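Let me begin by presenting the structure, written as structure tokens, before commenting on it.
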Amino acid sequence: MAPDDTSAAASGSVRPEIDVEALARLLDGEYAGVRDLVRTNLAAHSSVLEDAERLDREAFRERVRDIAVAMAGTGQTGMGFPAAYGGGDDIGASVAAFETLAFGDLSVLVKVGVQFGLFGGAILQLGTARHHDAYLSDLVAGRLLGCFAMTETGHGSHVQALGTVARYDAAAGEFVVTTEGDAARKDYIGNAARHAELAVVFAQLEVGGEARGVHALIVRLRSGGEVVDGVEIEDDGLKMGLNGVDNGRIRFHGVRVPREALLNRFADVTPEGDYVSTIDNPDRRFFTMLGTLVQGRVCVGGAGVSVAKVALTLAVKYAVRRRQFEASPGAGERLLLDYGLHQRRLLPLLARTYALHFAQDTVRGQLHDVFSGLDDSPRTRRRLESRAAGTKALGTWHATRTVQECREACGGAGYLAVNRFAALKADSDVFTTFEGDNHVLLQLVAKGLLTDHAGEFEDLDQLGMVRYVTGLAVETVIERTSAHKLLERVRDLLPGGDQWDREAGLLDSEYQLAMLRYREEHMLGGLARRLKAGVDKGRDPGEVFSSVQDHVIALAHAHMERLVLESFVDACEALPADGNKVALGLLCDLYALSAIEADRAWFMEHGRLTVQRSKAISREVNDLCRRVRPLAVDLVDAWRVPPPLLRAPDLLG
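Residue numbering for the sequence shown is 3 to 655, as defined by the working numbering.
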């Protein structure tokens, strides 16, 4: 019997026939044409993978810039901009293009993200017609390069505390931009060290001596390739990876820009020096402004999933070539992927990658609906911001974990630079920090759950959120969770009621979802009670929140795993009855049961798993791995990573 058939036979199941082309079309979805354009461009510029290793840093930066500009010429990078300025009028397509671009060199990806996502996106979303007319056509075409200057040495995620100041000089009709101390220097800014001509600078606005909070302005950095007077730029130096991106530090020494440089979609300053805004509340105005930039988080999360796809494609294909150890005398050495341990290492990651792919489809669709005006209510925007934050965290952590596991699974060959893992590991590691530290983002997710995305959500800082939750919200949260009702639903799904040691029902998606929902709702109610108990005892709200941050992160993680499973289940249920549906059903079960198994201690502590049932889940995970094993190559082929990007001769032959 061929090695590919042993696993299916051992499990007593019939191997489903996968139609790889049909599965690829399903995964590419409505943006298949966009993704194929990106794949074509990636293949055309695949030599950049070698350039990253042979060129010095300055030459490689120039190579990356040239590729980004060349891709702009194909229309790939402008999908999200208005057609009037050379774009494609399709936010969803722009995200799909970015996700696919992550199959290739990640310096190119980040260069494109900075130029067209951050710099271009800020002008598009925060500016008005005067800015669009002045900059977007050249920006979309790649003729005008810029950067997004938000992060400072002293502040990253806490944007409201930035130290750069823009003071309005009414007599001159200009803003004066100043870096107030080293902590206020703009830092780690992509495109700044070499190529950016303009910067979108986030600064504390002062008008008539009154502080108006953080706003964004367009500030010139270079003219004719030379840094302008008043601007000081320093190269951040060699990084762990992404050395094709010119990150730099910027200081402003009284740089003057015209009044019209203020990106004024949400607030403006009149020539006379009057501050005007349609949003009276400064906190709401700030969060509304930041909310328009959520596309970056959606893009980075999707890029993380694509990185995992590349790593798994390499590791799975290697595992069906490489042989190691004889199973029995004279039988010959076995393929790596025929070993149960190797299946356990790779195939749950394969299942999770598929799950996150469908979760990314969901959040991309929500983003498109909001920014296309199909559904842009404040509540919908809040839910999008929360989901984007959580999906980004899970997707980028998954990339980091998957790259490491796949590198190890490829042994010494995986350590050679030619086999891509060196670059994948070095270049994707910072994704967990891009667009917000993952732990900070998960606190945003939990904040939304605790306030149920109420209208007060956008007005509250951390302490205000704690006070709100411990007041009115806590009773609503506790009542809403109604964990005991969900427990009854879990029991209803299990044959035998309270006999939790029965194996039947483990592959029922309703059971799997009920388990994840129970965990989430139990954690939500428990966190609300802890917050309330701490404040009721007279403790400082900030200290109370700090003391329960482990529960906050656990809740947000549980919430996101539930949403990911729901997206996967919905995608499977929508498919016609064929081999592809069966195969995806196996992956969905493997993802769900692996998630439960990974947190079995919590489920056992809270009475949802007996020892017997916990063991049954592990047996089922092992069996699912055996059943997925003969499908693994087809499943990674359906991602359609362009062959020139895999190179890896030691792994793929």
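Ideal placement from N, C-alpha and C gives every residue a C-beta, glycine not left out. Computed from a prediction, not measured in an experiment: that's the story for all the values here.
Rounded straight-line distance, which links the Cα of residue j to that of residue i
{"i": "serine 430", "j": "arginine 532", "result": "36 Å"}
{"i": "histidine 608", "j": "alanine 535", "result": "21 Å"}
{"i": "aspartate 276", "j": "glycine 210", "result": "8 Å"}
{"i": "leucine 509", "j": "glutamate 410", "result": "31 Å"}
{"i": "methionine 242", "j": "phenylalanine 433", "result": "12 Å"}
{"i": "threonine 153", "j": "lysine 188", "result": "6 Å"}
{"i": "glycine 156", "j": "threonine 181", "result": "12 Å"}
{"i": "valine 116", "j": "glycine 192", "result": "6 Å"}
{"i": "glutamate 407", "j": "glycine 527", "result": "35 Å"}
{"i": "phenylalanine 62", "j": "serine 49", "result": "12 Å"}
{"i": "valine 202", "j": "methionine 291", "result": "13 Å"}
{"i": "leucine 611", "j": "phenylalanine 605", "result": "6 Å"}
{"i": "glycine 1", "j": "tyrosine 341", "result": "As shown, the chain starts at 3 and ends at 655. That puts residue 1 outside it, with no answer to give."}
{"i": "alanine 560", "j": "aspartate 140", "result": "44 Å"}
{"i": "valine 630", "j": "glutamate 387", "result": "35 Å"}
{"i": "aspartate 639", "j": "glycine 106", "result": "16 Å"}
{"i": "methionine 73", "j": "leucine 138", "result": "16 Å"}
{"i": "alanine 45", "j": "aspartate 285", "result": "46 Å"}
{"i": "valine 71", "j": "alanine 143", "result": "7 Å"}
{"i": "glutamine 362", "j": "glycine 303", "result": "8 Å"}
{"i": "glutamate 55", "j": "leucine 244", "result": "12 Å"}
{"i": "leucine 595", "j": "glutamate 622", "result": "8 Å"}
{"i": "arginine 628", "j": "leucine 57", "result": "44 Å"}
{"i": "leucine 557", "j": "methionine 517", "result": "14 Å"}
{"i": "glycine 250", "j": "leucine 529", "result": "41 Å"}
{"i": "serine 109", "j": "glycine 246", "result": "5 Å"}
{"i": "proline 645", "j": "asparagine 43", "result": "13 Å"}
{"i": "arginine 224", "j": "valine 161", "result": "25 Å"}
{"i": "alanine 34", "j": "aspartate 92", "result": "14 Å"}
Simplified DSSP state of residue i, which is helix, strand or coil
{"i": "alanine 213", "result": "strand"}
{"i": "phenylalanine 1", "result": "Residue 1 falls outside the range modelled here, since the chain spans only 3 to 655, and no answer is possible."}
{"i": "aspartate 171", "result": "strand"}
{"i": "glutamate 545", "result": "helix"}
{"i": "valine 571", "result": "helix"}
{"i": "phenylalanine 254", "result": "strand"}
{"i": "lysine 188", "result": "strand"}
{"i": "leucine 358", "result": "helix"}
{"i": "glutamate 154", "result": "strand"}
{"i": "glycine 144", "result": "coil"}
{"i": "lysine 539", "result": "coil"}
{"i": "glycine 416", "result": "helix"}
{"i": "alanine 310", "result": "helix"}
{"i": "phenylalanine 436", "result": "coil"}
{"i": "alanine 516", "result": "helix"}
{"i": "glycine 655", "result": "coil"}
{"i": "proline 380", "result": "helix"}
{"i": "leucine 474", "result": "A caution first: leucine 474 carries a pLDDT of 48, below 50, which makes its placement in the model unreliable, though a value can still be read off. It is helical."}
{"i": "glutamate 182", "result": "coil"}
{"i": "asparagine 421", "result": "helix"}
Per DSSP, cross-strand counterpart(s) of residue i
{"i": "phenylalanine 177", "result": "Tyr170 and Val259"}
{"i": "phenylalanine 373", "result": "BP columns for phenylalanine 373 are empty, so no partner."}
{"i": "cysteine 149", "result": "Ala201"}
{"i": "histidine 207", "result": "Before going on, a small fix: residue 207 reads as leucine here, not histidine. In the DSSP output, where bridge partners are listed per residue, leucine 207 has Ala168."}
{"i": "leucine 337", "result": "Arg325"}
Residue i at chain C interface by Cβ criterion, 7 Å
{"i": "glutamate 407", "result": "Although the question refers to chain C, the structure presented lacks it and comprises just one protein chain."}
For the structure I just gave you, are there three or more beta carbon pairs, one from the stretch 139-149 and one from the stretch 196-215, closer than 8 Å?
Yes: at least three Cβ pairs fall under 8 Å.
Tell me the start and end of each unbroken alpha helix (DSSP H) in the stretch 17-50 that is at least 4 residues and wholly inside, in chain order.
22-30 and 34-46, all fully within the stretch 17-50.
Which ranges would you report for the beta strand (DSSP E) in the stretch 259-302 if only whole runs of at least 3 residues count?
Annotation note: the stretch 259-302 contains the following uninterrupted beta strand (DSSP E) runs of length 3 or greater, listed N- to C-terminal: 269-271 and 277-279.
Residue ranges of each beta strand (DSSP E) within the stretch 217-254, 3 or longer:
Within the stretch 217-254, the complete beta strand (DSSP E) runs of at least 3 residues are 233-237 and 250-254.
Going residue by residue through the stretch 383-413, where are the continuous alpha helix (DSSP H) segments of at least 4 residues, counting only ones entirely within it?
If we require 4 residues or more, the stretch 383-413 turns out to have no alpha helix (DSSP H) run fully inside it.
Run through the stretch 577-620 for me and flag every whole beta strand (DSSP E) of 3 or more residues, listed as ranges in chain order.
Complete beta strand (DSSP E) runs here, min 3: none at all.
For the stretch 128-137 and the stretch 325-341, state whether three or more C-beta atom pairs, one from each stretch, are separated by less than 8 Å.
Counting Cβ pairs under 8 Å, fewer than three are found: no touch.
Alpha helix (DSSP H) segments (min. 4 residues) lying fully within the stretch 89-141:
Correct list: 93-103, 108-114 and 122-128.
Could you give the uninterrupted runs of the alpha helix (DSSP H) lying entirely in the stretch 54-88, keeping only those of 4 residues or more?
The qualifying runs are 59-75.
Taking 8 Å as the cut-off, does the stretch 550-568 touch the stretch 510-525 (at least 3 CB pairs, one atom from each stretch)?
Between the stretch 510-525 and the stretch 550-568, the count of Cβ pairs shorter than 8 Å is three or higher; the stretches touch.
On the three-pair Cβ rule with 8 Å, is the stretch 362-379 touching the stretch 309-324?
Contact fails: fewer than three Cβ-Cβ distances are below 8 Å.
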